[in-house]
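With the numbering used here, the residue at position 19 of the sequence shown is 132, and numbering never jumps. Take a look at the structure set out below.
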Amino acid sequence: LGQLTKMVQYLYLNDNEFSSSVPSEIGLISKLTTGLYLADNFLSGLLPSEIGQLTSLQSTVYLYYNILSGSLPSQLGQLTNLGSRFYLYSNEFSGLIPSQFGQMTQMSYYFTFYSNQLSGPVPSQLGLMTAMYYSFNLYSNSINGVIPSQLGQLTAMSYYFRLHSNQFSGTIPSQLGQLTKMVNYFRLYSNQLSGSIPSQLGQLTSMSTSLTFYTNSLTGALPS
Numbered sequence: 114l115g116q117l118t119k120m121v122q123y124l125y126l127n128d129n130e131f132s133s134s135v136p137s138e139i140g141l142i143s144k145l146t147t148g149l150y151l152a153d154n155f156l157s158g159l160l161p162s163e164i165g166q167l168t169s170l171q172s173t174v175y176l177y178y179n180i181l182s183g184s185l186p187s188q189l190g191q192l193t194n195l196g197s198r199f200y201l202y203s204n205e206f207s208g209l210i211p212s213q214f215g216q217m218t219q220m221s222y223y224f225t226f227y228s229n230q231l232s233g234p235v236p237s238q239l240g241l242m243t244a245m246y247y248s249f250n251l252y253s254n255s256i257n258g259v260i261p262s263q264l265g266q267l268t269a270m271s272y273y274f275r276l277h278s279n280q281f282s283g284t285i286p287s288q289l290g291q292l293t294k295m296v297n298y299f300r301l302y303s304n305q306l307s308g309s310i311p312s313q314l315g316q317l318t319s320m321s322t323s324l325t326f327y328t329n330s331l332t333g334a335l336p337s
């Protein structure tokens with residue numbers, strides 16, 4: 114694959130039965146601009162940091178439905194031109210979400226890491242991804258610590274803001290009330306959140322589908 118340096122704008126290998134690791138030489142495909150599609154295979158092992166060298170990628174990285182494991186390479190944060198889909202869900206990734214992912218400020222559509230084994234706190238730097246408007250999904254991991262108030266800077270968010278089924282603790286940041294464009298799914302259920310529901314969440318007046326906080330340790334009066 115590393116010899117495809119002058120011709121390939123996108124690499125589409127989804128929906129096969131590949132069972133090897135992802136070759137590090139994939140980072141040599143410098144002309145890759147549209148997308149890297151390796152989803153729905155049986156790829157295993159570590160994700161090579163060399164993917165971070167594909168800095169011309171503008172649209173899509175599909176790695177979902179594999180059995181990739183280990184930590185997420187911080188070098189993926191160098192994909193600063195990636196603007197549409199970053200799909201790493203349904204693997205076996207563990208460890209922290211790298212703070213360098215906050216450099217992906219062009220990302221606007223799908224930022225999805227659900228159904229892995231990620232742990233540790235969410236880096237506050239993700240609040241720099243202010244172009245994000247459609248889908249911010251970190252649910253079904255083992256992420257802990259407080260929900261960073263900086264996520265309230267994602268004021269373009271409209272459809273899917275899902276942090277449920279983790280181990281978040283502490284209070285719900287009042288700054289999340291700044292996500293006033295939210296319409297569909299605002300989900301914080303099945304965590305270890307405590308304290309009261311901030312009255313500022315009453316500013317989410319466009320919500321029409323799902324605002325869910327069940328299975329936490331929330332207390333106090335319901336905001337009027």
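The beta carbon of each residue, even a glycine, is placed where N, CA and C say it ideally should be.
In whole angstroms, give me the CA-to-CA distance for residue i and residue j.
i: Tyr-272; j: Ile-139; result: 33 Å
i: Gly-333; j: Pro-311; result: 10 Å
i: Ser-321; j: Leu-141; result: 46 Å
i: Ser-172; j: Tyr-302; result: 31 Å
i: Leu-292; j: Thr-218; result: 17 Å
i: Leu-181; j: Asp-153; result: 11 Å
i: Pro-161; j: Tyr-247; result: 28 Å
i: Gln-188; j: Ser-309; result: 38 Å
i: Gly-258; j: Asn-194; result: 30 Å
i: Phe-299; j: Gly-190; result: 26 Å
i: Ile-260; j: Glu-205; result: 22 Å
Taking the alpha carbon of residue i as the point to measure from, which residue in the options has its own alpha carbon closest?
i: Ile-256; options: Met-220, Leu-264, Ser-207 and Ser-309; result: Ser-207
i: Gln-122; options: Gly-158, Ser-137 and Lys-144; result: Lys-144
i: Tyr-252; options: Pro-234, Ala-269, Ala-244 and Gln-238; result: Pro-234
i: Gly-165; options: Leu-201, Pro-186, Thr-173 and Tyr-178; result: Pro-186
i: Thr-147; options: Phe-199, Ser-133 and Thr-218; result: Phe-199
i: Gly-315; options: Arg-300, Ser-203 and Leu-289; result: Leu-289
i: Ser-262; options: Pro-236, Met-270 and Tyr-227; result: Pro-236
i: Val-174; options: Glu-163, Asn-154 and Ser-197; result: Ser-197
i: Gln-313; options: Ser-287, Asn-329, Leu-126 and Arg-275; result: Ser-287
i: Leu-126; options: Glu-163, Ser-137 and Leu-149; result: Leu-149
i: Phe-226; options: Gly-190, Thr-325 and Leu-176; result: Leu-176
Can you name the start and end residues of the beta strand (DSSP E) that residue i belongs to?
i: Ser-255; result: 255-258
i: Leu-159; result: 157-159
i: Thr-225; result: 223-225
i: Gln-230; result: 230-233
i: Glu-205; result: 205-208
i: Ser-307; result: 305-308
i: Val-296; result: Val-296 -> no beta strand (DSSP E), and no H or E assigned at all.
What does the Cβ neighbour count give for residue i, buried or exposed, with the cut at 16 atoms within 10 Å?
i: Gln-305; result: exposed
i: Phe-224; result: buried
i: Tyr-327; result: exposed
i: Asn-179; result: buried
i: Leu-170; result: buried
i: Met-270; result: buried
i: Ser-337; result: exposed
i: Leu-156; result: buried
i: Ser-228; result: buried
i: Ser-203; result: buried
i: Asn-129; result: exposed
i: Leu-276; result: buried
i: Leu-231; result: buried
i: Leu-335; result: exposed
Give a yes or no on whether the C-beta atoms belonging to residue i and residue j are separated by under 8 Å.
i: Phe-249; j: Leu-267; result: yes
i: Leu-124; j: Val-135; result: no
i: Asn-297; j: Ser-278; result: no
i: Met-242; j: Gly-215; result: yes
i: Gln-238; j: Ser-221; result: no
i: Leu-201; j: Ser-184; result: no
i: Leu-331; j: Met-295; result: no
i: Ser-319; j: Thr-284; result: no
i: Leu-192; j: Leu-159; result: no
i: Ser-137; j: Glu-163; result: yes
Any beta carbon of chain D sitting closer than 8 Å to that of residue i?
i: Leu-145; result: Here there is only one protein chain, and chain D is not present.
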